[in-house]
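Here's the structure, in C-alpha cells; my notes come after.
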Amino acid sequence: MHPTSDLSRAARLWRLALRTLTLVTLLFVSTACFDIEEEITLKKDGSGTYQISVDMTQMMEMMSGFMTEEQMAESDMFGSMDSALQVQVETLREMDGLSNVRHMSENFRFSLTYDFADIDALNAAASAGSAIDNTTGPVTSGASYKWTPKSFERENKPIDNLLNSEDEEQAEAMEMAKMMLADAHYSITYHFPGKVKKLTNDAAEIGADNRSVILSSNFLDILDGEAELGNKITFKKR
0 MHPTSDLSRA ARLWRLALRT LTLVTLLFVS TACFDIEEEI TLKKDGSGTY QISVDMTQMM
60 EMMSGFMTEE QMAESDMFGS MDSALQVQVE TLREMDGLSN VRHMSENFRF SLTYDFADID
120 ALNAAASAGS AIDNTTGPVT SGASYKWTPK SFERENKPID NLLNSEDEEQ AEAMEMAKMM
180 LADAHYSITY HFPGKVKKLT NDAAEIGADN RSVILSSNFL DILDGEAELG NKITFKKR
C-alpha cells in the first residue's frame with residue numbers, strides 16, 4: 000500500500016494516532032497492526048477518483064485487552080481522527096475541480112474519498128492537505144502528479160520531523176511508538192484506463208489485470224524516509 004494527500008494526510012492521521020500508540024506502549028511492549036491504503040483510479044481524460052483509508056480494528060482489539068472502556072473514552076483518539084476527517088472534507092468541498100467529497104468512520108475504519116476533474120485538481124487537493132498539516136505539526140510532506148494520455152507520474156516530498164524530533168519529550172514518545180509500528184503498512188494502488196507497459200519504481204508490481212500498479216511499504220520505512228514512493232508509469236491508450 001507511500002501515500003494520505005495523499006501521503007501528507009497519512010502523516011496527519013499518524014500524529015493523531017501517536018497519543019494512543021504512546022499510551023499503549025507504556026502498558027506493554029508489543030506490536031500493533033494498522034493498514035493505510037491509498038487508491039487512485041484514472042480515466043482516459045485524466046479525471047478520476049482518489050481514496051485513502053485507515054483500518055485500525057486490529058489495534059483496537061489489542062488495546063481493549065489492556066485498557067478499560069473509561070480509559071479508551073478518555074483518550075478519544077478515534078473521535079479526534081473523525082473530527083480531523085470532517086475538517087478535511089469541508090476544505091475539499093470548497094475547492095474547484097473536486098466533487099463527491101465524502102468520508103466514512105465506522106468500527107475504527109476511516110476513509111476519505113473524492114472525484115477529481117483533472118490532474119490539476121488532484122494536485123490542488125494534495126497541496127490543501129499539506130497546508131492543513133502544516134498548521135498542526137512540523138511536517139513537510141505531500142505528493143505531486145503529472146499526467147499525459149499515456150503516462151502518469153508521482154513525485155513525493157519526504158516526511159520530516161516525525162521520527163527524528165529535536166524536542167526531547169516528543170523524541171521519547173516517538174521511540175516508544177516505533178515499537179508499536181513493526182506491523183503497520185501503507186499501500187498505494189493505481190488503476191489505469193489501459194494496460195501498463197512500464198514503471199520506474201522497482202518495488203512496485205503490476206496487478207493481475209495488467210491495468211493497475213501496487214506499491215506496499217512498511218510504515219516505519221516511510222516515516223524514516225527509507226521507502227521510495229515516486230513512480231513514473233506508462234500505459235497503453237485504450
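Quick note on numbering: numbering that gives the first Met the number 0 labels position 59 of the sequence shown as 58, and the sequence is numbered without any gaps. Backbone N, C-alpha and C fix where the C-beta goes; we use that ideal spot for every residue, glycine too.
### Task
Taking only the alpha-carbon atoms, compute the straight-line gap between K231 and E154 and give it to the nearest angstrom.
Taking the first residue of the sequence shown as 1, we reach residue 231 at position 232. Taking the first residue of the sequence shown as 1, we reach residue 154 at position 155. When rounded, the distance between both Cα atoms is 8 Å.
### Message
Going by DSSP, what residue range makes up the alpha helix (DSSP H) through F218?
### Response
Within the sequence shown, numbered from 1, the residue matching residue 218 stands at position 219. Residues 218-222.
### Query
Roughly how many angstroms lie between the CA atoms of A120 and E93, to the nearest whole one?
Counting from 1 along the sequence shown, the entry for residue 120 is found at position 121. Counting from 1 along the sequence shown, the entry for residue 93 is found at position 94. Each residue's alpha carbon lies about 12 Å from the other.
### Query
Which runs of the beta strand (DSSP E) spanning at least 3 residues fall entirely within the segment 95-126, listed in chain order?
97-105, 108-115
### Query
D95: buried (16+ other C-beta within 10 angstroms of its C-beta) or exposed?
On the sequence shown, position 96 is the one that residue 95 refers to. The residue in question, D95, is exposed, as its Cβ has fewer than 16 Cβ neighbours within 10 Å.
### Query
Any idea if S216 is buried or exposed, counting beta-carbon neighbours within 10 angstroms, 16 or more meaning buried?
Here residue 216 corresponds to residue number 217 of the sequence shown, with the count starting at 1. Its Cβ being crowded by 16 or more others within 10 Å, S216 is buried.
### Query
Which of helix, strand or coil does DSSP assign to L214?
In the sequence shown, counting from the first residue as 1, residue 214 sits at position 215. Strand, per DSSP.
### Query
If you pair each beta-carbon of the segment 102-110 with each one of the segment 42-56, do three or more pairs fall below 8 Å?
yes
### Identified DSSP bridge partners for S46
Walking along the sequence shown from the start, residue 46 turns up at place 47. Per DSSP, none; premise fails for S46.
### Task
Just mark D132 as buried or exposed, buried being the case when its beta carbon has 16 or more other beta carbons within 10 Å.
The residue given as residue 132 occupies position 133 in the sequence shown. Confidence at D132 is low in this model, with a pLDDT of 47, below 50, so its placement is unreliable and the value that follows should be read with caution. Flag for D132 reads buried.
### Task
Go ahead and label Q87 buried or exposed: buried means 16 or more other beta carbons lie within 10 angstroms of its beta carbon, across all protein chains shown.
The sequence position of residue 87 within the sequence shown is 88, counting from 1. Flag for Q87 reads buried.
### Query
How is L41 classed by DSSP in three states: helix, strand or coil?
The sequence position of residue 41 within the sequence shown is 42, counting from 1. Strand, per DSSP.
### Task
Reducing DSSP to helix, strand and coil, say where A142 ends up.
As a position in the sequence shown, residue 142 is number 143, starting the count at 1. Correct three-state label for A142: strand.
### Query
Near D114, which residues of its chain fall below 6 Å by C-beta distance, leaving aside the five closest residues on each side in sequence?
Residue numbering aside, residue 114 sits at position 115 when the sequence shown is read from its first letter. Here the set comprises T48, S98, N99.
### Query
When we look at the beta-carbon of D208 and count the other beta-carbons within 10 Å, is it buried (16 or more) or exposed?
As a working mapping, residue 208 is identified with position 209 in the sequence shown. Burial call: exposed.
### Message
Excluding the 5 residues flanking D220 on each side, which residues of the same chain have their C-beta closer than 6 Å to its C-beta?
### Response
Start at 1 with the first residue of the sequence shown, and residue 220 comes out as number 221. Answer for D220: A226, listed in chain order.
### Task
Report the partner residues of S150 according to the DSSP bridge assignment.
Within the sequence shown, numbered from 1, the residue matching residue 150 stands at position 151. According to DSSP, S150 bridges with T147, T233.
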